[in-house]
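First comes the structure, then the notes that go with it.
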Amino acid sequence: MEALLQNQVIEAISVALGKVKESGELSIATIPSIFVEPPKRPEWGDFSSNVAMTLASQVRQSPLKVAGVLATGLRAQFPELFVRVDVAPPGFLNLTLHPIRWMQVLQTIQDNGSSFGVSSIGKGKRILLEFVSANPTGPLHVGHGRGAALGQAIATLLEAVGFTVSREYYINDAGRQLQLLGRSVYARYREHCGESSTFPEDGYHGDYIKTVAESVARTHGRALLDSPSDVAETRCAQLASQILLDRIKEDLVTFGVDFETWFSETSLHSKGLIQQALDELRQKGLLTQEEGAWWFRSSQFGDEKDRVVQKQDGSYTYLAADIAYHRQKLERGFDTLINIWGADHHGYIPRMEATVQAFGYAKETLRIVLVQMVSLLRGGEKVEMSKRAGEFVTLREVLEEVGSDAAKFFFLMRRADTHLDFDLELAKQQSSDNPVYYVQYAHARLASLFRVAQERQVNLPAIQDVEQTLLVQDEELGLIKTLSQYPFVVEVSATALEPHRLTFYLQELAAQLHAYYNKNRVLPSVESVGKTGDAGRSNELESNGKASELEQEHAYECIQPALTAARLALLRQVQTVICNGLTLLGISAPEKM
RNA sequence: GCGCCUGUAGCUCAGUGGAUAGAGCACUGGCCUCCGGAGCCAGGGGCCACAGGUUCAAAUCCUGUCAGGCGCACCA
Numbered sequence: 011m012e013a014l015l016q017n018q019v020i021e022a023i024s025v026a027l028g029k030v031k032e033s034g035e036l037s038i039a040t041i042p043s044i045f046v047e048p049p050k051r052p053e054w055g056d057f058s059s060n061v062a063m064t065l066a067s068q069v070r071q072s073p074l075k076v077a078g079v080l081a082t083g084l085r086a087q088f089p090e091l092f093v094r095v096d097v098a099p100p101g102f103l104n105l106t107l108h109p110i111r112w113m114q115v116l117q118t119i120q121d122n123g124s125s126f127g128v129s130s131i132g133k134g135k136r137i138l139l140e141f142v143s144a145n146p147t148g149p150l151h152v153g154h155g156r157g158a159a160l161g162q163a164i165a166t167l168l169e170a171v172g173f174t175v176s177r178e179y180y181i182n183d184a185g186r187q188l189q190l191l192g193r194s195v196y197a198r199y200r201e202h203c204g205e206s207s208t209f210p211e212d213g214y215h216g217d218y219i220k221t222v223a224e225s226v227a228r229t230h231g232r233a234l235l236d237s238p239s240d241v242a243e244t245r246c247a248q249l250a251s252q253i254l255l256d257r258i259k260e261d262l263v264t265f266g267v268d269f270e271t272w273f274s275e276t277s278l279h280s281k282g283l284i285q286q287a288l289d290e291l292r293q294k295g296l297l298t299q300e301e302g303a304w305w306f307r308s309s310q311f312g313d314e315k316d317r318v319v320q321k322q323d324g325s326y327t328y329l330a331a332d333i334a335y336h337r338q339k340l341e342r343g344f345d346t347l348i349n350i351w352g353a354d355h356h357g358y359i360p361r362m363e364a365t366v367q368a369f370g371y372a373k374e375t376l377r378i379v380l381v382q383m384v385s386l387l388r389g390g391e392k393v394e395m396s397k398r399a400g401e402f403v404t405l406r407e408v409l410e411e412v413g414s415d416a417a418k419f420f421f422l423m424r425r426a427d428t429h430l431d432f433d434l435e436l437a438k439q440q441s442s443d444n445p446v447y448y449v450q451y452a453h454a455r456l457a458s459l460f461r462v463a464q465e466r467q468v469n470l471p472a473i474q475d476v477e478q479t480l481l482v483q484d485e486e487l488g489l490i491k492t493l494s495q496y497p498f499v500v501e502v503s504a505t506a507l508e509p510h511r512l513t514f515y516l517q518e519l520a521a522q523l524h525a526y527y528n529k530n531r532v533l534p535s536v537e538s539v540g541k542t543g544d545a546g547r548s549n550e551l552e553s554n555g556k557a558s559e560l561e562q563e564h565a566y567e568c569i570q571p572a573l574t575a576a577r578l579a580l581l582r583q584v585q586t587v588i589c590n591g592l593t594l595l596g597i598s599a600p601e602k603m
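Numbering of the first sequence is given in our numbering, commencing with residue 11 and proceeding in unit increments.
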C-alpha cells in the first residue's frame, strides 16, 4: 500500500542524501526530514519531494543543482524502484515508480478487505465524544441532525485509526428550560381537560406540546388538576421530558446514531457532584466570593473575565453544572474529551478550557468542534424556520422525506464550521446531480457487473492470479493511485475531526470509476463467450503489446480473458474501498438501487 | 465596543506553505446494438475580499482594513 510505497521512496531519498553527504559532494550538516507527496499533475510523476529546496540555503547551492545531484544518485542507486527521476524548477524532485510497483496496493486491499484503511495510530487512547445533547424540551431538528451525523462519523473514523471512543449524550434535565416545558405542557393539559389556563409568555409553542399534553392526559386522566399548580408543573416537566427524550432516542436509532451513555444533569445535583467540584476549585483558590456570589476565576486561564457559578440566592448557574460534568468526564480517565457544539456556543469555549486547566489538565485535553447552522432549502427556496414559534422542520421529517443515507451524506459534505445549505429536493433526486446517489451508484454498478460476470460463468479472480502487467493504462494506474490514498484520507479525516474530507474523496473515486468504466469494456459480450477459451488466453499472452490497441477498436469482440480477469480484480478493490468509506460515514453501500 | 468563525468561478463549496488554484450545480455542444445513461466526454468562465509582512516559495502563516454570520447574563 501507499504508506509502504511512500516510505520506500522516502527511504531511497534518504539513502541518496546520505551518500551525497558522505562523499562531500554537497556540504550537508544536518539531513532534514523528508516529505514526499503525490504531485498535482500526473505527468509530474508519482511522488514529488521538496527536499532540495529546503536544503538549498544550507549547502549554499541552487535548489536545481541540489535536486540534480540527488536525481543522479537516485537513478544510479535505485534503478529497480524508479523508472524516471526528474528535476523540475524551482527545485522539485519528481519520481516515477515502475508501474508494477503500484500493483501491491491492490494486493494489500484484497488482503485487508473491510479493514483496509484501519490503522493503530490512536494507540488505543480513550476519547469521550459528547454530541447532540439536545435539551429534552422538543424534537430534534435538522441542526441536531448535522451534529448527530458528524459525531457518529467522527467516532467511527477515530475508532478506525485506533482510538477507543465512547459516545455520550448529555441530558439537560434540570433547570429553567425544563420548568418552562412543564409550565407549557401543564397549560395545554388544562386546556385539554376543558379548564382555564394561561400559557406562559416565553413557553414552548410547538404543536408537539399539545401532543405531549394529550399523552399525559391519557395516562393520568384529570389527576394532575387536583395538585397545586407548581407540583403539577414539575410532574408535567418530568413526564414531558421523558416522553420527548424517548422520541429523541427513537429518532437517533432511525438515523443510525448510537450512544454508549446518556448522562443526566440531574444526577450531578443528586450526587452532590456540583458541590464537590466547587469545593475542589475553592481549595485551589480558584473560587472567590464577591457581592454575595461565588465566582470561578477562569480569567487566570485565558478567559476574558471571571464567571459566576453560585448565585446570590445560593442556586448554581449552568456553568457550575458543566464544570462538574467535565470534571466527572476527566475523572473517568479519558485521554481526550471532544465536544460537538452548535456554533452559537462558541463564546463558551474559553470557560470550558479554563475548567479543564483548573483541574490540572492540559488545555488540549478538550477539543471542541463547532457546527454551523443548516439552512433548509426546497428547490432552491429557503424553508423558513422559527424555533420560537415552534415552526421548524424536524430531523424525523427530513429522514422520512430523503432517507438517512442522503441526509448523512449531505450533513457530512461540508466542513463543520461553514454554513450548510441542505436542499430537500436535491437530496431526494435520483440523478447525477445528487452526490449520494453518484457514489452509491458506483458501488451498485460494480456489484451489478460482478453479478453479470457470474451469470456468464466468468470467474472473479484473486489479484495474485491475474496478469497485473495488463493494468497499465493511465486510467488504471490513476485508479490504483487514488485507492492507495485511502488510508491517508481516513487518517487525516479522523485526526482533524473532518469527515467531509472522506466524502470528497469518495466522490472523486466514484468519478474516476465511472469514467474508466464508461470507456473500458470489462466482460466479453454474450456472443463471444463461447468462442474464447484457453486457446484465446495463450494467444493473448503472446500479443500483449498490441492488446490495448486492439481493444480500442474492437472492444466487444476482442476482450481477452486475461484482460477481463485483471480488470475484474482491479474493480473488486475499487468496490471494497467505496464500501469501506461509505461504511465509515454510516452510509449504506447498496448492491442494487 | 470586545471576541470567535467565514470571505476562492454566476451559485454551493474543496484545497496538507509548493509547480499552470480545483469539483459539483447552472450554461453550451456531443456520446446508448454493448457489463446499470442513476453514466461519460468537450467548452467558456478567477485580482483566492483588500493592503502590508514572514518565506527560496503564501489562497494557505502573521498584522491591519472592509464585508457577512454568531456570541458577549448572578439565562440555559
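In this text, a Cβ means the ideal position worked out from N, Cα and C, and glycines have one as well. Note that the structure is a prediction, hence the values are computed from the model and not measured.
Worksheet entry | Enclosing alpha helix (DSSP H) for residue 608 [first to last residue] | This structure gives no information on residue 608, because the portion of the chain shown stretches from 11 to 603.
Worksheet entry | Entirely enclosed beta strand (DSSP E) segments - the segment 394-446, minimum 3 residues | List check, beta strand (DSSP E) in window: 430-433.
Worksheet entry | Between the CA atoms of residue 65 and residue 381 - distance to the nearest angstrom | Cα atoms of residue 381 and residue 65: separation of roughly 41 Å, rounded to the nearest angstrom.
Worksheet item: At which residues does the beta strand (DSSP E) containing residue 273 begin and terminate?
Response: From DSSP, the beta strand (DSSP E) with residue 273 extends over 271-274.
Practice prompt. Compare the Cα-Cα distances from residue 598 to each of 290, 453, 113, 130 and report the closest residue.
Written response: Selected option, being the one with the closest Cα: 453.
Practice prompt. Give the single residue among 589, 535, 167 whose Cα lies nearest to the Cα of residue 569.
Written response: Minimum Cα distance to residue 569 is reached at 535.
Fill in: Inter-residue Cα distance where the pair is residue 202 and residue 223
A direct Cα-Cα distance of roughly 8 Å separates residue 202 from residue 223.
Discussion item. For residue 377, report the span of its beta strand (DSSP E) as first-last.
Written reply: Its beta strand (DSSP E) spans residues 376-381.
Worksheet item: Taking the alpha helix (DSSP H) that residue 122 falls in, what are its first and last residues?
Response: Element bounds for residue 122: 109-122.
Worksheet item: Start and end of the beta strand (DSSP E) containing residue 173?
Response: Counting along the chain, residue 173 sits inside no beta strand (DSSP E), nor does DSSP assign it H or E at all.
Discussion item. Give the list of continuous alpha helix (DSSP H) stretches no shorter than 4 residues that lie fully inside the segment 444-494.
Written reply: For the segment 444-494, whole alpha helix (DSSP H) runs of length 4 or above, ordered along the chain, are 445-465.
Practice prompt. Mind checking which residues open and close the alpha helix (DSSP H) that includes residue 224?
Written response: Segment 217-230, the alpha helix (DSSP H) holding residue 224.
Discussion item. Within the continuous beta strand (DSSP E) that includes residue 236, where are the two ends?
Written reply: Per DSSP, residue 236 is not a residue of any beta strand (DSSP E), being assigned neither H nor E.
Discussion item. By alpha-carbon positions, which one of 100, 102, 487, 92 ends up nearest to residue 108?
Written reply: Ranking the options by Cα distance to residue 108, first place goes to 92.
Discussion item. Pairs of beta-carbons, one from the segment 130-137 and one from the segment 163-176, closer than 8 Å: are there three or more?
Written reply: Per the Cβ contact rule, the segment 130-137 is in contact with the segment 163-176 (3 or more Cβ pairs under 8 Å).
Worksheet item: Is it buried or exposed for residue 528, if we count other Cβ within 10 angstroms and need 16 for buried?
Response: Burial state of residue 528 is exposed, judged by a 10 Å Cβ sphere holding fewer than 16 other Cβ atoms.
Worksheet entry | In DSSP terms, what residue 58 is bridged to | Partner(s): 47, 104.
Fill in: Segment contact, 8 Å Cβ cut-off, at least three pairs: the segment 402-411 with the segment 253-271
These segments touch.
Item to complete: Give the secondary structure of residue 98 by DSSP, where H, G and I count as helix, E and B as strand, and everything else as coil.
Response: Annotated three-state conformation of residue 98 is strand, per DSSP.
Worksheet item: Nearest to residue 434 by alpha carbon, out of 391, 474, 451?
Response: The option with the nearest alpha carbon to residue 434 is 391.
Worksheet entry | Where residue 332 falls, given that 16 or more other Cβ within 10 Å makes a residue buried | Label assigned to residue 332: buried.
Discussion item. What does the alpha-carbon distance come out to for the pair residue 33 and residue 24?
Written reply: Near 14 Å, if we compare the C-alpha coordinates of residue 24 and residue 33.
Practice prompt. Would you mind reading off the limits of the beta strand (DSSP E) that contains residue 346?
Written response: Run containing residue 346: 346-352, per the beta strand (DSSP E) assignment.
Practice prompt. May I ask which residues mark the beginning and end of the beta strand (DSSP E) holding residue 137?
Written response: Residue range 136-140 is occupied by the beta strand (DSSP E) that includes residue 137.
Worksheet entry | Per DSSP, the bridge partner or partners of residue 318 | Partner(s): 305.
Discussion item. Just verifying my parser: in three-state terms, what is the DSSP assignment at residue 91?
Written reply: Looking at residue 91 - three-state DSSP - the assignment turns out to be coil, as it is neither helix nor strand.
Practice prompt. Going by DSSP, name the residue or residues bridged to residue 501.
Written response: As computed with DSSP, residue 501 is found in no beta bridge at all.
Fill in: Proximal residues to residue 44 (C-beta, below 7 Å), its chain only, five neighbours per side dropped
Only 20, 23, 24, 59, 61 meet the Cβ criterion.
Discussion item. In the DSSP assignment, the alpha helix (DSSP H) including residue 535 goes from what residue to what residue?
Written reply: Run containing residue 535: none; DSSP gives neither H nor E here.
Worksheet entry | Straight-line Cα distance separating residue 252 from residue 523 | Going from the Cα of residue 523 to the Cα of residue 252 covers about 48 Å.
Item to complete: Within the same chain, show all residues whose beta-carbon is closer than 6 Å to that of residue 162, passing over the 5 residues directly before and after it, in chain order.
Response: Cβ within range, chain order: 267, 596.
Discussion item. Quick check on the DSSP output: the beta strand (DSSP E) that includes residue 293 runs from which residue to which?
Written reply: Careful: residue 293 lies outside any beta strand (DSSP E), inside the alpha helix (DSSP H) at 283-293.
Worksheet item: Given 8 Å as the limit, is there contact between the segment 291-305 and the segment 268-281, that is, 3 or more CB pairs closer than that?
Response: They do not touch, by the three-pair rule.
Fill in: Closest Cα partner of residue 315 within the set 294, 358, 283, 351
Nearest C-alpha to residue 315: 358.
Worksheet entry | Whole-number beta carbon distance between residue 138 and residue 339, since they are thought to touch under 8 Å | Approximately 5 Å separates the beta-carbon atoms of residue 339 and residue 138; this is inside 8 Å, confirming the contact.
Worksheet item: Got a sec, what are the start and stop residues for the beta strand (DSSP E) residue 300 sits in?
Response: Residue 300: member of the beta strand (DSSP E) spanning 297-300, first to last residue.
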